[in-house]
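Residue numbers (the numbering used here), protein chains in the order written: chain W, 1 to 391; chain B, 392 to 462.
Positions of the beta carbon are idealized from the N, C-alpha and C atoms, including for glycine.
This report refers to the structure that appears directly beneath it.
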Amino acid sequence: MIEAHGGRLISRIANESEQERWREELPNLKHVTLNRRELSDVEMIATGAMSPLEGFMNQRDYEHVCEHGRLANGIPWTIPITLAVSSELIAAEQIAVGENVALQDIDGEVFAVLEIADIYKVDKDHEAQSVLQTTDTAHPGVAYLQKTGDTYLGGRVTMLKRPTYERFEDFRLDPRETRFLFKEKGWDTIAAFQTRNPIHRAHEYLQKCALELVDALLIHPIMGETKSDDIPPDVRLECYNELLKGYYPAGRVAMSILPAAMRYAGPREAIFHAIIRKNYGCTHFIVGRDHAGVGNYYGTYDAHDIFKQFEALEIGITPLFFDHAFYCNSCNNMASQKTCPHGSDQHVFLSGTKIREMLSNGESLPPEFTRPEVSEILERHYSNETATVSS
Amino acid sequence: MSDRVSIKSPRPLYVRLQQVIGEESGFSSPTDFIVFVLRDLVGTLEPERQGELSDDELVAVRRKLENLGYL
Chain W
1 MIEAHGGRLI SRIANESEQE RWREELPNLK HVTLNRRELS DVEMIATGAM
51 SPLEGFMNQR DYEHVCEHGR LANGIPWTIP ITLAVSSELI AAEQIAVGEN
101 VALQDIDGEV FAVLEIADIY KVDKDHEAQS VLQTTDTAHP GVAYLQKTGD
151 TYLGGRVTML KRPTYERFED FRLDPRETRF LFKEKGWDTI AAFQTRNPIH
201 RAHEYLQKCA LELVDALLIH PIMGETKSDD IPPDVRLECY NELLKGYYPA
251 GRVAMSILPA AMRYAGPREA IFHAIIRKNY GCTHFIVGRD HAGVGNYYGT
301 YDAHDIFKQF EALEIGITPL FFDHAFYCNS CNNMASQKTC PHGSDQHVFL
351 SGTKIREMLS NGESLPPEFT RPEVSEILER HYSNETATVS S
Chain B
392 MSDRVSIKSP RPLYVRLQQV IGEESGFSSP TDFIVFVLRD LVGTLEPERQ
442 GELSDDELVA VRRKLENLGY L
């Protein structure tokens, strides 16, 4: 089984003795409220998905990540994992290094505790430029940074209670659970597929090309916070379920939900996504065109090129790079720019905007682009949405 | 307050702990300090800290994966 990033799969979920300790201490702790991304980060840290992180980053790690794409100890890590608060809160609550604080959601429910090891002010523009390569507030990652506090709390977290979800709870598998599954199935090589969109034919093509090379495929849709115009998680999951039933070999494919929030950090997020999948026990990671991109902030293949900045062994998981894939009317099959000799006039490709436009108008997507079963689910979603807006 | 039991410690160690803890450590007694350290240590030795599933977790995970049709 592939080693977790950094050599050890972290668990920061409170065991019995820790629960006992914190139950005694909780009534005396100050509270810090987490937004949805921070809460999903706590869950990712606690389950080991973000190994070797054991908590929110201290200043040293944060600066190394921003400047070098590595933790202070040199291990590759490209996305800051931080807990932002306002300096006013720090002053008003007199929060100090060395104390423990309870981490609660916006409804006041406590999910974790943080042992504060560092409190530091940050330059958000510098972070945005380093990590997202832009300070344009139209970028959702930059917009997020602008609306969060200017001071970060660093330190180890312990999760006392898991967030629960209204739907698809069964599909939530922790790294230890996917690793157990892979071991039980005897799968030595597993390719992970990251997605935040419904699976179209191009995605299916990449997955099946990967499946020709490895023992199994883990479809690993991201279900944390995404952009408001992304297809809602439950609709996406319904699409995946429908496809898995009819078009994938049951004994070689698994699906599980990743509770992470999207950062839209393009190439840096591709490395981050790969490392996370390594922690889940996957040996290969599919990287398509403009991975984790948004708008025109990143080059089409920047997410491929960034892997060259690291030694293969220090990333550990093997990236499977794929070019832009499409259905070619002349080839009469799925292909990519790497395999198809025909011009783009023969390629069936729809932009996200065009897809949304067609679905909003009640049109079916062409079967060469999307399986009819998926198109039907999306049409139903858009017709419900239109009905809701009209009423 | 949860149930407590007494554990015997060599006196020199106890005295040394009193000195080390001092007044600014945040621990009110050597006992508090020992409980804190032991909880942390025991935590690291438990199966989930080693990236493994406990017996109870194994049963639950197996059932979950069977329900999903993966096992």
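Here tyrosine 120 of chain W is bridged, per DSSP, to W:Tyr152. With the rule of 3 Cβ pairs closer than 8 Å, the stretch 82–101 of chain W counts as touching the stretch 119–127 of chain W. Identification of chain B residues near phenylalanine 180 of chain W by a Cβ-Cβ cut-off of 7 Å yields Leu444 and Val452, ordered along the chain. Nearest to proline 249 of chain W by alpha-carbon distance, out of W:Ala260, W:Arg268 and W:Leu211, is W:Leu211. For threonine 300 of chain W, the three-state secondary structure derived from DSSP is coil.
Within the model, the alpha-carbon separation for glycine 362 of chain W versus proline 372 of chain W is close to 14 Å. Taking 8 Å as the Cβ-Cβ cut-off, the stretch 155–170 of chain W approaches chain B at Asp170, given in chain order.
Not a single C-beta of chain B is nearer than 8 Å to the C-beta of alanine 117 of chain W. For methionine 358 of chain W, the three-state secondary structure derived from DSSP is helix. Residue-level contact by beta carbon holds for arginine 430 of chain B and chain W, with a gap shorter than 8 Å. Along the length of the stretch 225–298 of chain W, whole alpha helix (DSSP H) runs at least 4 residues long occupy 233–247 and 266–279, reported in chain order. Around the Cβ of asparagine 58 of chain W, a 10 Å sphere holds 16 or more other Cβ atoms; the residue is buried. Residue contact with chain W for glycine 460 of chain B: present (Cβ-Cβ distance below 8 Å to some residue of chain W).
For leucine 456 of chain B, the nearest beta carbon of chain W is closer than 8 Å to its own beta carbon. Rounded to the nearest whole angstrom, the C-alpha separation of asparagine 28 of chain W and serine 420 of chain B is 18 Å.
Excluding five sequence positions before and after arginine 252 of chain W, the CB atoms of its chain that fall closer than 6 Å to its own CB belong to Ala216, given in chain order. Of all C-beta pairs linking the stretch 145–162 of chain W to the stretch 2–12 of chain W, three or more are shorter than 8 Å, placing the two stretches in contact.
Our two residues, alanine 270 of chain W and valine 287 of chain W, have alpha carbons roughly 7 Å apart in a direct line. Taking C-beta separations shorter than 7 Å and ignoring five residues to either side along the sequence, the partners of phenylalanine 424 of chain B in its chain run Leu408, Ile412 and Phe418, following chain order. The beta carbon of valine 396 of chain B does not come within 8 Å of any beta carbon belonging to chain W, so the residue lies off that interface. When DSSP states are grouped into helix, strand and coil, cysteine 331 of chain W belongs to the coil group. The beta carbons of phenylalanine 171 of chain W and serine 86 of chain W sit no closer together than 8 Å. With the rule of 3 Cβ pairs closer than 8 Å, the stretch 316–336 of chain W counts as touching the stretch 346–365 of chain W. Of W:Pro52, W:Tyr165, W:Gln133 and W:Asp118, the smallest CA-CA separation from valine 97 of chain W is found for W:Asp118. Using a Cβ-Cβ distance cut-off of 8 Å, the stretch 228–242 of chain W and the stretch 106–123 of chain W are not in contact, since fewer than three pairs of beta carbons, one from each stretch, lie closer than that value.
When DSSP states are grouped into helix, strand and coil, glutamine 104 of chain W belongs to the strand group. Rounded to the nearest whole angstrom, the CA to CA distance from glutamine 309 of chain W to glutamate 93 of chain W is 43 Å. When the alpha-carbon of glutamate 99 of chain W is set against those of W:Val32, W:Met223 and W:Glu38, the nearest one is in W:Val32. The stretch 182–202 of chain W and the stretch 276–294 of chain W touch, with no fewer than 3 CB-CB distances between them shorter than 8 Å. Taking all protein chains in view, the Cβ of proline 319 of chain W is crowded by 16 or more other Cβ atoms within 10 Å, so the residue is classified as buried.
Glutamate 18 of chain W places its beta carbon less than 8 Å from that of arginine 430 of chain B.
Identification of chain W residues near valine 411 of chain B by a Cβ-Cβ cut-off of 8 Å yields none; the smallest Cβ-Cβ distance measures about 16 Å. By the rule that beta-carbons nearer than 8 Å mark a contact, arginine 21 of chain W touches chain B.
For alanine 192 of chain W, not one C-beta of chain B is nearer than 8 Å to its own C-beta. For valine 433 of chain B, the chain W residues whose Cβ falls inside 7 Å of its Cβ are Ser17, in order along the chain.
Taking C-beta separations shorter than 7 Å and ignoring five residues to either side along the sequence, the partners of leucine 26 of chain W in its chain run Ala102 and Val110, following chain order.
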